[in-house]
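Residue numbers (this note's numbering): 11 to 363. Note that the Cβ used here is the ideal one computed from N, Cα and C, for glycine as well. Please read all numbers here as calculations on a predicted model, not as lab measurements. The structure under discussion appears below in the form of structure tokens.
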Ligand code: MRU
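As structure tokens, then:
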């Protein structure tokens, strides 16, 4: 199995997802600023992967602070956190991870032993990496119970090992179903404009010998109506307290089509993707990305030069379209306000949450 991201003494090693599927290139990002740029430019992407990478960026940044003056050290640490927090606005895992690093910082900062602080931050970042893989496996175990024997599963974007520290959320559920002896087959939406489905999900599933059929986004309704899809599973970038789900642009259309065709629509996401501070999806900031992602495929222009473009990277699916939300703490169903709160509380009683 490939590694999406890894902490090394030289820096954060990332599999460059912009180059997949044609090239498998690992690069080392040696400073927190390099890590921030890698997140912004989508060398690494997917909410949980962004969170863990940012935590490693914080640890890397703190390690590089020369000052031995505690106040100056704190000032520089907070500025490192700000730089990493400014990379991508929608995935709440980014902010969750940075808050967790700040908590560890202040727990250890009391000692005024700055080497101890640096070490503690590095340990926390690598712990988050392992925890993410473990929680995906638990999520997979819960979610697999929802997958029929020879299920035809449609997914959008990439919520796989590439989008996490490993194993994946939505694709983790599919992997777990296979490990339980089921034979799921997957329809992968290509996911315009950045093509995470065509480039990443198709690559990842093919590598894992899980049968996958690539379709364009516009084909999903056709296959649903023809009864070729048994369920939909997607990941999430942020889930509001009421169960509204922000995910890759196009997810909302898939959810509406699923409801129209009486097909269950599942969301798989870790507790770190829950944002219980916002009452509904209306409060989720939607990232607007470069027009170039729409007007070009890789370097090739496909639209008239200078054309007006809109490129919201995410949309919000209202909770009424969501059949269930699969987490590492169990499965939540409507009414989500209560079910998500319960799972969140359960998780906060676990160590390191
Ligand atoms: O813009 P991206 O590629 O970071 O968007 C990723 C998604 O929308 C994923 O579905 C989501 O982050 C869940 S990843 C487990």
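Checklist entry - residue 250 and residue 300: beta carbons closer than 7 Å? => result Taking the chain shown and counting its residues from 1, one reaches residue 250 at position 240. Taking the chain shown and counting its residues from 1, one reaches residue 300 at position 290. Their beta carbons are not under 7 Å apart, which means residue 250 does not touch residue 300 by this criterion.
Checklist entry - Looking at the unbroken beta strand (DSSP E) that takes in residue 15, where does it start and where does it end? => result Within the chain shown, numbered from 1, the residue matching residue 15 stands at position 5. Taken as a continuous stretch (DSSP letters only), the beta strand (DSSP E) holding residue 15 covers 15-18.
Item to check | Secondary structure of residue 262, DSSP reduced to three states | outcome: Along the chain shown, one-based indexing puts residue 262 at 252. Helix at residue 262.
Next on the checklist: Do residue 95 and residue 75 have their beta-carbon atoms positioned less than 7 Å apart in this structure?
Outcome noted: Within the chain shown, residue 75 is the residue found at index 65, counting from 1. Within the chain shown, residue 95 is the residue found at index 85, counting from 1. In this structure, residue 95 does not lie closer than 7 Å to residue 75 by Cβ.
Checklist entry - Between which two residues does the alpha helix (DSSP H) containing residue 116 stretch? => result Walking along the chain shown from the start, residue 116 turns up at place 106. 102-119 is the extent of the alpha helix (DSSP H) around residue 116.
Next on the checklist: Rounding to the nearest angstrom, what Cα-Cα distance links residue 144 and residue 67 in this structure?
Outcome noted: Indexing the chain shown from 1 puts residue 144 at position 134. Indexing the chain shown from 1 puts residue 67 at position 57. The C-alpha of residue 67 is placed about 21 Å away from the C-alpha of residue 144.
Checklist entry - Under 6 Å from any heavy atom of ligand 2, does the C-beta of residue 217 make it? => result Among the ligands modelled here, namely ligand 1, ligand 2 does not occur.
Next on the checklist: Measuring only from the beta carbon, is residue 67 closer than 6 Å to any heavy atom that is part of ligand 1?
Outcome noted: Working through the chain shown from its first residue, we reach residue 67 at position 57. Not so, every heavy atom of ligand 1 lies at least 6 Å from the Cβ.
Next on the checklist: Please give the ranges of any alpha helix (DSSP H) in the segment 167-204, keeping only runs that are unbroken, at least 4 residues long and fully inside the region.
Outcome noted: Runs of the alpha helix (DSSP H) inside the segment 167-204: 180-189.
Item to check | Reduced DSSP secondary structure (H/G/I, E/B, other) of residue 319 | outcome: By one-based count along the chain shown, residue 319 stands at place 309. Coil.
Checklist entry - Among the residues of its own chain, which have a CB less than 7 Å from the CB of residue 131, if the five just before and after it don't count? => result Start at 1 with the first residue of the chain shown, and residue 131 comes out as number 121. If we look at residue 131 and ignore the five residues flanking it on each side, its Cβ neighbours are 68, 69, 72, 111, 114 and 115.
Next on the checklist: I want to check one thing, is the minimum distance from the CB of residue 179 to the heavy atoms of ligand 1 below 6 Å?
Outcome noted: Here residue 179 corresponds to residue number 169 of the chain shown, with the count starting at 1. Because some heavy atom of ligand 1 lies under 6 Å away, the Cβ of residue 179 counts as near it: yes.
Item to check | Unbroken beta strand (DSSP E) run spanning residue 210, endpoints | outcome: Reading the chain shown from its first residue, position 200 is the one you call residue 210. No beta strand (DSSP E) holds residue 210; DSSP gives it neither H nor E.
Checklist entry - What are the boundary residues of the alpha helix (DSSP H) that includes residue 148? => result Residue mapping note: residue 148 aligns to position 138 of the chain shown, counting from 1. First-last of the alpha helix (DSSP H) with residue 148: 124-154.
Next on the checklist: Suppose only complete runs of 3+ residues qualify. What are the beta strand (DSSP E) ranges in the segment 259-309, listed by chain order?
Outcome noted: Runs found: 275-278.
Item to check | Straight-line gap, residue 23 to residue 307 (C-alpha atoms, nearest Å) | outcome: Residue 23 sits at position 13 when you count from the first residue of the chain shown. Residue 307 sits at position 297 when you count from the first residue of the chain shown. Using only the alpha carbons, I get a separation of about 26 Å.
Next on the checklist: Do residue 292 and residue 260 have their beta-carbon atoms positioned less than 7 Å apart in this structure?
Outcome noted: On the chain shown, residue 260 is found 250 positions in, with the first residue counted as 1. On the chain shown, residue 292 is found 282 positions in, with the first residue counted as 1. Between residue 260 and residue 292, the C-beta spacing is not below 7 Å.
Item to check | For residue 163, the first and last residue of its enclosing beta strand (DSSP E) | outcome: On the chain shown, residue 163 is found 153 positions in, with the first residue counted as 1. Membership of residue 163 in the beta strand (DSSP E) is indicated by the continuous run 162-165.
Item to check | Residue closest to residue 221, alpha-carbon to alpha-carbon, out of 188, 244 and 203 | outcome: Counted from its first residue, the chain shown places residue 221 at position 211. Among 188, 244 and 203, the Cα nearest to that of residue 221 belongs to 188.
Item to check | Proximity to residue 314 [Cα-Cα], best of 304, 322 and 337 | outcome: Against the chain shown, residue 314 aligns to sequence position 304. The candidate whose alpha carbon is nearest that of residue 314 is 304.
Item to check | Rounded straight-line distance, which links the Cα of residue 16 to that of residue 328 | outcome: Mapped onto the chain shown, residue 328 falls at position 318. Mapped onto the chain shown, residue 16 falls at position 6. Rounded to whole angstroms, the separation of the alpha carbons of residue 16 and residue 328 is 35 Å.
Checklist entry - Name the DSSP bridge partner or partners of residue 357? => result Residue 357 sits at position 347 when you count from the first residue of the chain shown. When DSSP reads this structure, residue 357 sits in no beta bridge, so it has no partner.
Checklist entry - Which word fits residue 36, buried or exposed, when buried means at least 16 other C-beta atoms lie within 10 angstroms of its C-beta? => result The residue you call residue 36 lines up with position 26 of the chain shown. Residue 36 is classed as exposed because its beta carbon has fewer than 16 other beta carbons within 10 Å across all chains shown.
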